[in-house]
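One structure below.
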Amino acid sequence: MKNALLKTSLREIRNSPARFLSILGIIFLGTAFFVGIGATGPDMITSSDNYYDQQKLADATVISTLGLSTTDLDLIKEDNHVAKAMPEYSVDLNLSDKNQVLRFFGYTAQQDINDYYVVKGRLPKNSGEIALDNLADYNKDYRIGDKFIVAIDDDPKQQLKKREFKVVGFVNSPEYIENIKRGSTNVGSGTIDYFAVVHENDLNLPSYSRILVQFKESKKHTAYSKTYEKITDEGIKSLRRKLRQRPQQRLKEVKEQAQEQLKIVQAEITQGEKTLDDGENKLKRAKEKIENAKKELAAKIESGKKEQENIANKLEEQEKELQQQNEDLNQQGQLLAQEQAEVAAQRKAATTTSTANPNDLAIQQTQEKIDNGNNLKDKLEQLSSDEETLKKEISEEKSSLLALAELIGDAQLNESIEKWDEENITLADVVAVQKEIINRIDTLKRQLTQLTNTETTSTLDLSEIEEKERSLAQAEVKLDQAKKTLQDKAAELKEAKAKLIETKEKADVTTKKAETEIAGSEKVYQQQLIEFQKQTSTNMPKLLDAELQLKNEKKRLENLKPAEYIFSDRNDNPGYTEYKQNADRITSLATVFPLIFYLIAALVSLTTMTRMVEEKRGEIGTFKALGYRNAEIALKFFIYSFLAGIIGSLLGLLVGFNLFPSIIIDAYGQLYNLPSFVTPWYLNYTIIGIMVGLICTVGVAMLTVRLDLIVPPATLLRPKAPKAGKRVWLENIKPLWKRLNFNQKVTLRNLFRYKLRMLMTVVGIAGCTAMIVTGFGLRDSITDIIPLQFEKLWHYQAVVSFSDTNKNNETRYEREVKQLNRYKDSLAVSIETFTISGHDKTPQDVSVYVPQKAQNLNEFILLNNRQSTREYQLQNKGAVINEKLAQLFNIKIGDTIHLKDTDKQSYPIKVAGIAENYTGHFAYLSPSYYEQVFQRKPEYNAAFLLFKKDLSSSQEKDVAEKLMENPEVVNVSFLSDSLHALDDTTQALTIVVWVLIISAGLLAFIVLYNLNNINISERIRELSTIKVLGFYDNELTMYIYRENIILTIFGILFGLVLGKIEHDFVLKTVELDMVMFSPVIQPLSYLYASLITIFFTILVGIFIYIKLKNVDMIEALKSNE
């Protein structure tokens, strides 16, 4: 008997596969969506926790405003809550050539906290190697093997020892799980672009940058859990107590260390100054030595000049004397010639009368002597000529001596002078002989004259003539001797000249050598002087700067405050909290959409099982009449519903735990850099999914069959009486009712006849439509942020940040910015960041904007109320804040908010307006109201840049490069960068939205098919009768389909309204703290949702047509028999 019941139960599945599969399908969708969406959040948490544990992420970090020492490290390790503690070195540097800020971490192989995950390559093993943030590889900025040049404009402390590294790998850090954010800094633009890992030896830091801490028992609990947060909070509190005495102690340590360093610096400055002074003194001594050598040489040259001048003067006197003697000799020669002529005439006469005149012989002899005298005269003239030649040579030697006077030493000069004196004396003797000869010739001439006269008057005495001839012969001998003497002296003079030339050459060599040595000394001096001046020009500013820094450092030490110890946990890591919020939002979706899925599944299951029980009413009565107990009879429906529920739930678990999380997590993989995600099965979701699936099937089946089991078997064996026909309320509207044809009237009566089925269909279609509307609405809310924020509200294209607010710099910027292509306008603004907090609210960062020209702000940023579209103008009565900030902290116009700076100083600000804004938190103040609140004038440290048209990426790069040439411009950021980052964020949520839309569409199909299948099953006899009466297949289909169309229309209308309500609820659930999604659903989204529902209605209509076409009319009409 029991076997027959079991066979009947299994046969029921085979006989009604569509109904079984529809129940199974709707349970499958509900379970898959519930566990899939519900498990995605925990999967994200579990995946991140595995990553944190694998890479040994620190539970807390300790930093100090004065750095950390080994004393701090030892105290932290002594804490009972601490399992491990490790010091870390890091430095933030602004790369001037790339306009990027990098955080350099020191790495050693012994690092056992915050271990890096190697994506490509390896970690640095040696000095000069670097592993870059994988974000750099993702952005295609660098490759393994590239040279990484660190171009730094300002690193006075040489915190980074090297300036060139080799890229050996790309890594991720568990500290930075986001692909976008790397944290903030006080360097450069204020935002870290990348991090880099170098060998610890490449950093030059006087103290630890921070200390990483891991607490005991923390690894035993999942990250983000309340237990983990409790352990972390208790550990940080314990560290605070442990280090409470350290601020003053650290101040003392820093001052002592600084004093030692200052002493060293002071000694270095003193040594540097001494080195410069010694160098200057050395150069002075070298200069003096060269000048003394020049003076000594000049003195010697001057002395030689004076000696030569003396010699030259003597030579000039001798030359004058010789000249005079030559003139006298010439005169004597002329007289001698005259006398010779006269003697020649007398001798001729004497010759003719020699026989008669006894004195002829004497005259003849005298004439011979005179001839000899003439010969002596010629010799004397030749001697005179030789003398002129010697005088010229003497004159040339005199000039040579004058030219060489500078080069001759004392000994050589004296020797030359002595030689020249001897030569001058010998020449005087020659001149005296000459004078004696001339005198003798004169005497002979007189004698000749006397002889001539005697010859004319009487006979010349031959003895006297002979005497005169002998005298002339002696004079001739003396002249020959004088000539020989003169020739000897000429030879001596020539030898002296050769010696003088040799002396001159030696003097030239000596002088040139002296000059070369002096010139070499001067060249060395000049080189040393140039080098000294170069070193002075280089080192003197450094010394002055070092002295200024020393002075400032001393002043800083005097004003130094006790160290502030800052304790941070993982929540302060970039992206850590946002990751948890995204996981929670996905989990929140699991509490909304699956609930609707299961509600619709329960309603459809109720309708289906109710119809199944009604169909098996006679079978139940038969089983009861045969003696089956109620439990045994119910077992058939239990097995049917249980199999549908359990199979649908198991398939839903299988697909839900694996497919949905993978799709959604892959979408979020664009935002986070976790290496892998896990998708485990969770027992709680498994139990809930199965239990809810079985409740929607078995529970509904048992509830439905229980009502028939209490009915007697005889009643059950009789067909259930059809419901009595009733007038519908539309019949009371006679003008309308009269105009309806037969088919329309039948349709309306059938709708109101089966009210429960009508309600179920409308609710099912409305629920599915609402989910589709919610899905499309979420897509609109997410994607509309970009056009609303970056086109409607923000009109400017770039923000320029300045290093200070010097007016001259502003003038230079304004002058340069006007030369940019497509430039339109610029607005100077003051930008500061504050924090706002509230009870049970997460603190939020608020950017305070103060435009220099408040009346021009709306040209750059539209401040308007989203609902009323009223535009705000900045006034002196309050600030305008963004709408999302007002929603988070429940702020209304007229309220006062309190903003805190980094020093925890609070500033009250009255809210004068709430403006539309979708990303970030802002407060806009006028300059006068800013002064009123903060008691200081705003410093305009940035400027909005407005162009006539949007710029391409290459044009943006050109603009940034031109503006960054201004040394006062520290950063140029374009809104396009924020737009791309926001677009990446919204893309992840868009994937989730499409999962919702597709799931809702499938649900709509199953609901419509199931309800229509039930409708046909309930009215199979009626439909068979109509078909027997001659209705065509399409008329028969429309007989049912008209009802579906009307119910679908009403379901769509209700679904659109319900979808808006559901959208608003879901929107509040999935919104980020820093982002406000647009609450507006676009009209096209309503249209798309309606068309999708209509599409599935038509698709179901096709299946209905096929089924009605194949109805067995005879079998259906005798079913009650």
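Residue numbers (UniProt numbering): 1 to 1121. A virtual CB, placed ideally from N, CA and C, is assigned to each residue, including glycine.
Along the length of the stretch 67-102, whole beta strand (DSSP E) runs at least 3 residues long occupy 82-88, 90-95, reported in chain order.
Our two residues, Thr896 and Ala912, have alpha carbons roughly 9 Å apart in a direct line.
In the DSSP assignment, Ser801 forms a beta bridge with Ala942, Asn971. Listed as beta-bridge partners of Asn864 by DSSP are Glu871. At a cut-off of 3 residues, the continuous stretches assigned as beta strand (DSSP E) that sit fully inside the stretch 526-584 are 565-569. Uninterrupted alpha helix (DSSP H) stretches at least 4 residues long and entirely within the stretch 749-799 occur at 755-783, given in chain order.
One Cα belongs to Arg240, the other to Lys226, and the distance between them is close to 21 Å.
DSSP, reduced to helix, strand and coil, places Gln159 outside both helices and strands of the structure shown, so it counts as coil. Taking the Cβ atoms as the reference, Gly121 lies roughly 24 Å from Ile152, outside the contact range of under 8 Å.
Short of 6 Å from the beta carbon of Gly25, and not among the five residues preceding or following it, lie these beta carbons of its own chain, in chain order: Ile1006.
Rounded to whole angstroms, the gap between the alpha carbons of Gly693 and Val62 is 51 Å. In the displayed model, Val678 falls within coil according to three-state DSSP, outside both helix and strand. For the pair Pro562 and Gln245, the CB atoms are not nearer than the 8 Å cut-off. The Cβ-Cβ distance between Leu1047 and Val763 does not fall below 8 Å. When the five nearest sequence neighbours on each side are left out, the beta carbons in the same chain lying within less than 6 Å of the beta carbon of Ile13 are those of Phe20, in order along the chain. Under a 10 Å Cβ-count criterion, Trp794 is classified as buried, with 16 or more other Cβ atoms of the shown protein chains found around its own Cβ. The closest CA to that of Ser868, considering only Tyr754, Lys937, Glu883, Gly878, is found on Glu883. Proximity to Phe34 across Ala109, Phe660, Glu968, Ala634 peaks at Phe660, based on C-alpha coordinates. Taking a C-beta distance under 8 Å as the contact criterion, Leu29 and Phe597 qualify as a contact pair. Spanning the alpha carbons of Ala886 and Arg250 requires a straight line of approximately 42 Å. With respect to Ala223, Asp49 sits close: the two C-beta atoms are nearer than 8 Å.
Closest by C-alpha distance to Glu164, out of Ser207, His199, Val933, is His199. The beta carbons of Ser649 and Gly689 sit closer together than 8 Å.
Within its own chain, the residues whose Cβ lies closer than 8 Å to the Cβ of Arg757, once the five positions on either side in sequence are excluded, are Thr607, Leu1011, Ile1014, Asn1015, Glu1018, listed in chain order. Residue pairing of Gln844 in beta bridges, as defined by DSSP: Ile836. In the DSSP assignment, Pro1083 falls within the unbroken alpha helix (DSSP H) covering 1083-1109. Sixteen is the threshold: when 16 or more other Cβ atoms of the shown chains lie within 10 Å of the Cβ of Arg611, as they do, the residue is buried.
The alpha-carbon separation between Ala942 and Val970 amounts to approximately 10 Å. Burial is judged here by how many other beta carbons sit within 10 angstroms of a residue's own beta carbon; Glu129 has at least 16 and is buried. Here the alpha carbon of Leu75 sits roughly 16 Å from the alpha carbon of Lys216.
Excluding the 5 residues flanking it on each side, Thr40 has same chain C-beta neighbours closer than 6 Å at Ile586, Pro661, Ile664, in chain order. In the same chain as Thr783, and ignoring 5 residues on each side of it, the C-beta atoms closer than 8 Å to its own belong to Thr986, Thr990, in chain order. Contact check for Ile997 against Phe860 fails: the beta carbons are separated by 8 Å or more. Glu256 sits in a helix when the DSSP states are folded into three classes. In the DSSP assignment, the residues bridged to Ser826 are Leu945. Here the C-alpha atom of Asp569 lies approximately 12 Å from the C-alpha atom of Lys230.
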